[in-house]
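When the sequence shown is numbered by full-length UniProt numbering, its final residue is 390 and no position is left out of the sequence of numbers.
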Amino acid sequence: MPYYRRVGEVPPKRHTQFRQPDGSLFAEELMGQEGFSSDSSLLYHRHRPTAITSAVPFEAPAWSRVPNLPLKPRHLQTGKLGGGPTGTVDPVLGRQHLLANDDVRISYVEATEPSPLYRNAIGDECLYVSAGAVTLESTFGALELREGDYAVIPTSVIHRLVPKDGAVKLLTIEATGHIGPPRRYLSVRGQFLEHAPYCERDLRGPTQPILAEGYDISVLVQARRGWTEHVYANHPFDVVGWDGCLYPWAFSIHDFEPITGRVHQPPPVHQTFEGPNFVICSFVPRKVDYHPLAIPVPYNHHNVDSDEVLFYTGGNYEARRGSGIEQGSISLHPSGFTHGPQPGAVERAIGVEAFDELAVMVDTFRPLDLCEPALAIEDTGYAWTWNRDA
Numbered sequence: 001m002p003y004y005r006r007v008g009e010v011p012p013k014r015h016t017q018f019r020q021p022d023g024s025l026f027a028e029e030l031m032g033q034e035g036f037s038s039d040s041s042l043l044y045h046r047h048r049p050t051a052i053t054s055a056v057p058f059e060a061p062a063w064s065r066v067p068n069l070p071l072k073p074r075h076l077q078t079g080k081l082g083g084g085p086t087g088t089v090d091p092v093l094g095r096q097h098l099l100a101n102d103d104v105r106i107s108y109v110e111a112t113e114p115s116p117l118y119r120n121a122i123g124d125e126c127l128y129v130s131a132g133a134v135t136l137e138s139t140f141g142a143l144e145l146r147e148g149d150y151a152v153i154p155t156s157v158i159h160r161l162v163p164k165d166g167a168v169k170l171l172t173i174e175a176t177g178h179i180g181p182p183r184r185y186l187s188v189r190g191q192f193l194e195h196a197p198y199c200e201r202d203l204r205g206p207t208q209p210i211l212a213e214g215y216d217i218s219v220l221v222q223a224r225r226g227w228t229e230h231v232y233a234n235h236p237f238d239v240v241g242w243d244g245c246l247y248p249w250a251f252s253i254h255d256f257e258p259i260t261g262r263v264h265q266p267p268p269v270h271q272t273f274e275g276p277n278f279v280i281c282s283f284v285p286r287k288v289d290y291h292p293l294a295i296p297v298p299y300n301h302h303n304v305d306s307d308e309v310l311f312y313t314g315g316n317y318e319a320r321r322g323s324g325i326e327q328g329s330i331s332l333h334p335s336g337f338t339h340g341p342q343p344g345a346v347e348r349a350i351g352v353e354a355f356d357e358l359a360v361m362v363d364t365f366r367p368l369d370l371c372e373p374a375l376a377i378e379d380t381g382y383a384w385t386w387n388r389d390a
């Protein structure tokens with residue numbers, strides 16, 4: 001994270017005696033990235049965070065992956081997804097994996113039940129709330145998420161997701177490394193620069209500890225070799241305070257300030273986060289190109305090094321009119337294929353002054369495979385829609 005936060009009770013000096021009312025020491029836990037060479041936070045537990053009483057393999061839902069062959073653009077209709085792979089649909093085990101490579105996995109879930117306590121030991125997760133609301137509870141405290149929010153959950157943070165007032169719809173992006181603001185938006189010391197489309201004022205983090213008590217608490221851990229169920233002697237949400245630069249945080253897509261120009265701007269102006277070999281971009285309502293001869297919709301383009309995924313989550317996406325794309329659709333335009341506006345979109349866009357589209361884009365720099373649920377909800381006619389009359 002680009003800035004320091006302090007929540008709850010912490011001693012004046014780190015790694016010094018900090019005692020509970022009964023005289024016993026609070027247990028320190030340093031959570032840090034890249035060994036001891038990057039961002040970290042120091043948490044103070046009532047009980048030892050190392051005390052587990054059981055560790056057994058856990059069989060999590062698994063999906064097979066197949067290459068995008070024959071190579072073609074794809075349209076996935078998330079509204080056609082059925083229930084999750086488990087009996088109850090929770091925001092973790094109910095995820096239906098759609099697209100994946102060795103760097104990132106993109107899933108979708110419509111969840112109604114709280115998730116189990118969960119730790120992703122492979123990489124950071126980025127959640128996007130497309131509808132509804134959910135509470136992200138973690139060792140750092142609670143974070144309320146609503147429609148339009150992104151949440152970045154650092155690697156190995158124990159957390160759970162609790163839907164509020166019915167179902168919550170989530171796009172989930174699981175990395176094999178860390179997700180954060182693009183480096184070009186930050187100073188050498190981690191402050192957002194003036195040209196960045198959002199800044200520290202737009203970010204939210206937990207504001208107070210949860211202080212849960214309990215014994216023999218189950219936590220599911222996803223690691224590179226598989227899943228394990230750990231049973232902790234005491235509830236891991238027993239943290240009385242923490243400080244540092246590593247914690248779950250939220251940012252609303254509605255606070256992203258679009259960058260526009262006289263002629264059509266390329267997708268990097270929409271970049272919101274970066275991860276290992278992928279980026280996440282936000283397309284938000286905005287005024288468009290103001291050159292007198294401007295064409296506001298994208299030009300035909302072929303990103304030779306990347307696959308492009310778009311999740312359509314609000315408004316009207318003018319460039320895709322006539323293709324069957326609707327709210328909740330996901331398009332995949334792979335490397336090896338030139339893509340662009342649908343027939344008629346260029347002429348229709350001339351003279352338009354603003355777009356009200358809302359979409360999340362993930363560009364990967366290695367090809368994406370298709371998972372089983374994606375094949376089940378594919379609009380198989382999408383690849384041929386550029387042949388239709390306007």
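Here a beta-carbon is modelled for each residue, glycine too, at the ideal position from N, C-alpha and C.
Review point. Based on Cα-Cα distance, which residue from L145, E174 and V66 lies nearest to F278?
Key: E174
Exercise for review: Run the CB neighbour count on H15, radius 10 Å, all protein chains shown included, and call it buried at 16 or more, exposed below.
Suggested key: Answer is exposed; the Cβ neighbour count stays below 16.
**Study point:** Where the alpha helix (DSSP H) containing E347 begins and where it ends
**Key:** Annotation: the continuous alpha helix (DSSP H) that includes E347 extends over A345 to A349.
Check your understanding: Taking the Cβ atom as the reference point for each residue, do E113 and F237 lie within a distance shorter than 8 Å?
Key -> no
Review point. For V129, is the classification buried or exposed, using 16 other Cβ atoms within 10 angstroms of its Cβ as the cut-off for buried?
Key: buried
Review point. Can you find at least 3 beta carbon pairs, one from the segment 358–373 and one from the segment 304–315, that sit closer than 8 Å?
Key: By the Cβ rule, the segment 358–373 counts as touching the segment 304–315, because three or more pairs are nearer than 8 Å.
Exercise for review: Could you check which residue in H270, P296, S37 and P268 has the C-alpha nearest to that of R262?
Suggested key: P296
Point to revise | Proximity below 8 Å, CB of C245 to CB of Y3 | key: yes
Exercise for review: Look up residue 399 in the DSSP assignment and give the residues it is bridged to.
Suggested key: Because the chain spans 1 through 390 in this model, residue 399 falls outside it and cannot be assessed.
Point to revise | Option in A133, D243, V168 and I210 with minimal Cα separation from K13 | key: The residue with the shortest Cα to Cα distance from K13 is D243.
Point to revise | Proximity below 8 Å, CB of D216 to CB of T53 | key: Cβ atoms of D216 and T53: closer than 8 Å.
Practice item. Sort G94, R105, K169 and L171 by Cα distance to Y118 and report the nearest one. Key: G94
Point to revise | For V342: DSSP bridge partner residues | key: Residue 342 is actually Gln in this sequence, not Val. According to DSSP, which records beta bridges pairwise, Q342 is partnered with nothing at all.
Check your understanding: Does the separation of the CB atoms of G132 and A100 fall below 8 Å?
Key -> no
Check your understanding: Between which two residues does the alpha helix (DSSP H) harbouring E372 extend?
Key -> E372 to A376
Practice item. Have a look at H264, P206, F192 and G315 and flag the residue whose alpha-carbon is nearest the alpha-carbon of G351. Key: H264
**Study point:** Beta bridge counterpart(s) of D149 as assigned by DSSP
**Key:** Beta-bridge partners assigned by DSSP to D149: S252.
Practice item. With a 10 Å radius around its C-beta and 16 neighbouring C-beta atoms as the bar for buried, classify F36 as buried or exposed. Key: Exposed is the call here.
Point to revise | Rounded C-alpha distance that separates R247 from V104 | key: The sequence shown places Tyr at residue 247, rather than the Arg named in the question. Cα to Cα, the separation comes out at about 21 Å.
Check your understanding: What's the C-alpha gap between R204 and W384?
Key -> 43 Å
Point to revise | Among P49, D39, E9 and E34, the one whose alpha carbon lies nearest that of A27 | key: Minimum Cα distance to A27 is reached at P49.
Practice item. Report all residues from its chain with a CB closer than 7 Å to the CB of A374; omit the five preceding and five following residues, and keep chain order. Key: L76, L98 and L99
**Study point:** 8 Å Cβ cutoff met for I377 and K80
**Key:** yes
Check your understanding: Short check: CB of A198 to CB of E257, under 8 Å?
Key -> Checking the sequence shown, residue 198 turns out to be Tyr, not Ala. Yes.
Review point. Are there three or more Cβ pairs, one per stretch, closer than 8 Å when the segment 185–200 is compared with the segment 144–155?
Key: no
Point to revise | With 16 other Cβ atoms within 10 Å as the buried cut-off, status of S38 | key: exposed
**Study point:** Inter-residue Cα distance where the pair is G177 and F192
**Key:** Distance between the alpha carbons of G177 and F192 is about 22 Å.
Check your understanding: Does the segment 330–344 touch the segment 282–293, meaning 3 or more C-beta pairs lie closer than 8 Å?
Key -> no
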